[in-house]
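Structure first, then comments.
There are 2 protein chains.
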Amino acid sequence: MKTFPECIPCFIKQVLDAAWALSLSDEETRIALMEALEAARNADWNLPAPLTGRDMHGITARQQGTPDPWAAHKRLHTQTALDLLPRLQRMVDASPDPFAAAVQFAVAGNAIDLGVTSAHDPDVDRAFAAALQRPLNPDGLEDLRRSVEEARAVLFLADNAGEIVFDIPLLERIGPSKLTVVVRGRPILNDATMDDAEQSGLTRRFTVIDNGSDIPGTWLPDCSPSFRAAFSAADLIISKGQGNFETLSEVQAPVIFVFLVKCAVVARITGEPVGTAIVKRAATP
Amino acid sequence: MKTFPECIPCFIKQVLDAAWALSLSDEETRIALMEALEAARNADWNLPAPLTGRDMHGITARQQGTPDPWAAHKRLHTQTALDLLPRLQRMVDASPDPFAAAVQFAVAGNAIDLGVTSAHDPDVDRAFAAALQRPLNPDGLEDLRRSVEEARAVLFLADNAGEIVFDIPLLERIGPSKLTVVVRGRPILNDATMDDAEQSGLTRRFTVIDNGSDIPGTWLPDCSPSFRAAFSAADLIISKGQGNFETLSEVQAPVIFVFLVKCAVVARITGEPVGTAIVKRAATP
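Chains as they are written, first to last, in the numbering used here: chain W, 1 to 285; chain H, 1 to 285.
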């Protein structure tokens with residue numbers, strides 16, 4: 001999907017939020033905002049928003065003189081999620097429909113604030129309970145269940161660090177024999193990279209590859225030839241998160257999107273309100 | 001007060017909201033946003049935000065080829081407020097402390113959405129009830145009451161069209177003999193101008209002057225010499241609205257600010273949460 005007018009103020013706000021999260025000084029924040037305004041002016045509105053997102057958030061990285069200013073945040077979120085995983089696994093196993101529960105937690109990973117200081121925070125209990133209550137579109141869920149059963153090669157496009165730990169119950173139900181998990185090729189925001197997949201224990205249990213790109217989404221023209229080959233060979237691609245939806249919404253491929261609607265633009269495109277869990281196959285022409 | 005980092009994304013969002021309110025086309029919206037990004041890059045962060053606000057919102061005006069793209073909105077809001085005025089007057093008169101109730105409605109004028117289609121909308125009842133329940137700082141209120149009684153020349157710096165109608169019960173209690181109402185010198189956003197004061201019936205009842213400026217606030221270096229003379233001569237200046245606070249917060253003058261905290265930056269500066277009614281004298285050195 002293309003970039004919408006609402007994306008422009010949202011970009012600038014995201015850079016400010018990033019500046020705060022990274023505790024930039026006032027002067028660093030000012031410079032980051034000035035560069036973000038320039039990047040926004042140069043945005044190509046015919047292309048998906050995550051492409052401008054990369055340019056925006058590269059600024060803070062360059063400014064901090066590190067390729068991965070979010071590394072510490074991501075480590076914290078991964079560790080919190082790993083602390084929560086056994087409880088989450090028990091809840092999925094105890095569910096009347098463990099596959100559906102696994103999908104619900106994979107969607108919820110997008111919404112649970114892993115900036116909490118401890119896995120024993122009462123907010124986590126509320127977030128877990130809410131995850132299991134969030135309705136899934138039954139047709140989308142059955143399509144996903146049947147497609148996972150029938151597929152021989154499943155590509156799972158991961159989203160953020162921390163969140164990928166919450167994908168584990170679903171990844172286990174797909175099974176390591178036919179599954180390849182995909183992370184970003186280079187650090188961008190809190191998106192999961194190979195380092196995060198390792199820290200999350202994913203690389204020990206599943207085949208994990210990277211897509212060669214540092215766009216916070218999956219924009220095929222920017223991805224490596226080897227990833228594009230895997231993308232073409234897969235008979236099911238599960239695309240997690242809104243950034244992957246924004247960049248793949250018009251692709252001709254066997255993609256099922258799994259994400260939470262996070263902004264008014266995507267709400268309009270999907271026809272579902274902000275906060276809705278989407279499990280939906282990409283439209284074919 | 002100076003411009004803060006948070007003002008930057010807020011400016012851009014305001015221009016987008018303005019584009020929507022004015023039903024600009026997609027291409028006009030894109031151009032307005034591009035110019036807003038440029039104006040934001042040129043902002044002087046050492047000066048108050050409303051100065052950049054003028055540059056931002058001049059864009060939509062130039063684009064629409066009219067000095068006052070908000071004229072129709074302002075007329076609608078003024079008419080709705082005039083339809084509501086008799087009910088509001090009765091509520092003030094019936095209050096145990098009519099002066100306090102008049103101040104509460106003057107503050108609430110800032111928060112009541114006059115985009116409602118009718119004065120009989122149930123939202124209006126709720127907003128009126130909320131206005132009378134919003135607590136006022138007792139020291140600020142008593143300072144204002146005493147200062148109004150003792151003053152010989154009161155300058156009332158008005159804020160928006162529509163809102164100024166809700167100021168009428170307070171203006172009446174100050175009394176036309178010692179009161180001068182001040183509006184903006186030229187149209188900017190929905191700020192009240194002489195036209196709006198006329199349509200609101202203010203010019204028939206009170207002395208109304210303009211400040212010669214089209215900044216959505218009161219920035220003395222941009223105001224006319226005649227306004228600055230009136231400002232110096234007044235022994236009480238009642239400054240309505242957040243824009244006037246932002247531009248006058250550091251002035252050395254007998255100013256009492258009356259406004260609703262509308263954003264996180266002003267919340268930090270005032271030490272009061274968003275939504276708080278402020279009735280507070282300008283700090284003197």
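For each residue, glycine too, the CB sits at the ideal point set by N, CA and C.
Remember, predicted model here, so these are calculated numbers, not experimental data.
Residues near residue i in its chain [Cβ-Cβ closer than 7 Å; skip 5 each side]
i, result
"F99 (chain W)", "R145 and R173"
"Q89 (chain H)", "P169"
"L141 (chain W)", "A100, V103 and V279"
"R184 (chain W)", "D191, A192, T193, D210, N211, S213 and D214"
"C10 (chain H)", "C263"
"A233 (chain W)", "A153"
"E35 (chain H)", "I59"
Cα-Cα separation between residue i and residue j, rounded to whole angstroms
i, j, result
"P135 (chain H)", "V107 (chain H)", "11 Å"
"L189 (chain W)", "P69 (chain W)", "8 Å"
"G241 (chain H)", "P138 (chain W)", "51 Å"
"K280 (chain H)", "F245 (chain H)", "10 Å"
"A131 (chain W)", "I164 (chain W)", "15 Å"
"S25 (chain W)", "A229 (chain W)", "44 Å"
"F287 (chain H)", "M56 (chain H)", "Missing from the structure shown is residue 287 (chain H); chain H here goes from 1 to 285 and no further."
"D167 (chain H)", "F105 (chain H)", "7 Å"
"P1 (chain W)", "E250 (chain W)", "Looking at the sequence provided, one finds Met at residue 1 (chain W) rather than Pro. One C-alpha to the other measures close to 7 Å."
"T270 (chain H)", "Q252 (chain W)", "54 Å"
"A267 (chain W)", "P273 (chain W)", "5 Å"
"C7 (chain H)", "L37 (chain W)", "13 Å"
"N46 (chain H)", "L16 (chain W)", "18 Å"
"L85 (chain H)", "S239 (chain W)", "56 Å"
"A39 (chain W)", "A43 (chain H)", "17 Å"
"R126 (chain H)", "Q133 (chain W)", "33 Å"
"D143 (chain W)", "T284 (chain W)", "15 Å"
Nearest candidate by alpha-carbon position, reference residue i, set the options
i, options, result
"W20 (chain W)", "W:L33, W:R186 and W:Q242", "W:L33"
"L260 (chain W)", "W:P48, W:G58, W:A111 and W:A40", "W:A111"
"I31 (chain H)", "W:E38, W:P5 and W:I31", "W:P5"
"G201 (chain W)", "W:H57, W:R75 and W:A39", "W:R75"
"E27 (chain W)", "W:L47, W:Q63, W:E38 and W:D55", "W:Q63"
"L22 (chain H)", "H:T3, H:S177, H:G65 and H:E149", "H:G65"
"G275 (chain W)", "W:A283, W:V258, W:K178 and W:A282", "W:V258"
"T3 (chain H)", "H:L85, H:D17, H:R41 and H:D195", "H:R41"
"H77 (chain H)", "H:G243, H:Q199 and H:V92", "H:Q199"
"G109 (chain W)", "W:A282, W:P96, W:D97 and W:L82", "W:L82"
"A197 (chain H)", "H:D125, H:Q79 and H:I256", "H:Q79"
"K178 (chain W)", "W:D195, W:A277, W:E149 and W:Q133", "W:E149"
"F128 (chain W)", "W:V92, W:A72 and W:P96", "W:V92"
"N160 (chain H)", "H:V265, H:H73 and H:A277", "H:H73"
Neighbouring residues, chain W, relative to residue i (Cβ below 9 Å)
i, result
"T203 (chain H)", "Going along chain W, no residue has its Cβ under 9 Å from T203 (chain H), so there is no contact; the nearest lies around 38 Å."
Chain-ordered neighbours of residue i on chain H, where CB pairs are closer than 8 Å
i, result
"I8 (chain W)", "I12, L16, L33 and L37"
Close beta carbons around residue i, own chain, < 6 Å, minus the five adjacent residues each side
i, result
"L236 (chain W)", "S147, A151, V154 and P254"
"A94 (chain W)", "none"
"T207 (chain W)", "T180"
"D222 (chain W)", "S213 and I215"
"T247 (chain W)", "P48, P50, G217, T218 and W219"
"S224 (chain H)", "G212"
"T29 (chain W)", "A19"
"P187 (chain W)", "P67, D68 and T193"
"G162 (chain H)", "H77, T78, A81 and L114"
"A282 (chain W)", "V255"
"G314 (chain H)", "The structure shown has nothing for residue 314 (chain H), since chain H only spans 1 to 285."
"V265 (chain H)", "F4 and E6"
DSSP beta-bridge partners of residue i
i, result
"K240 (chain H)", "H:V258"
"K74 (chain H)", "In the DSSP output, where bridge partners are listed per residue, K74 (chain H) has none listed."
"D139 (chain H)", "DSSP, once it has assigned bridges, lists no residue as partnering D139 (chain H)."
"I278 (chain H)", "H:F259"
"V266 (chain H)", "BP columns for V266 (chain H) are empty, so no partner."
"I209 (chain H)", "H:V182"
"D195 (chain W)", "Looking at the DSSP assignment, D195 (chain W) forms no beta bridge with any residue, so it has no partner."
"V154 (chain H)", "H:L179 and H:L236"
"N160 (chain W)", "W:D191"
Interface flag, residue i vs chain C, CB-CB below 8 Å
i, result
"P5 (chain W)", "Any reference to chain C falls outside this structure, whose protein chains are W and H."
Amino acids of chain W, ordered along the chain, whose beta-carbon sits closer than 7 Å to that of residue i
i, result
"A40 (chain H)", "L37"
Contact set between residue i and chain W, taken where Cβ atoms lie within less than 8 Å
i, result
"R268 (chain H)", "Result: empty, since nearest Cβ-Cβ is about 13 Å, beyond 8 Å."
"R30 (chain H)", "P5 and W45"
Residue i Cβ short of 7 Å to the ligand SAH heavy atom set
i, result
"K178 (chain H)", "With respect to the ligand SAH, the structure offers nothing, as it holds no ligand at all."
Residues near residue i by beta carbon distance below 8 Å, same chain, minus five either side
i, result
"Q14 (chain H)", "G53, M56 and H57"
"S226 (chain H)", "I209 and G212"
"V182 (chain W)", "L155, F156, L157, A158, V208, I209, D210, N211, T218, F227 and A230"
"P176 (chain H)", "R205, F206 and T207"
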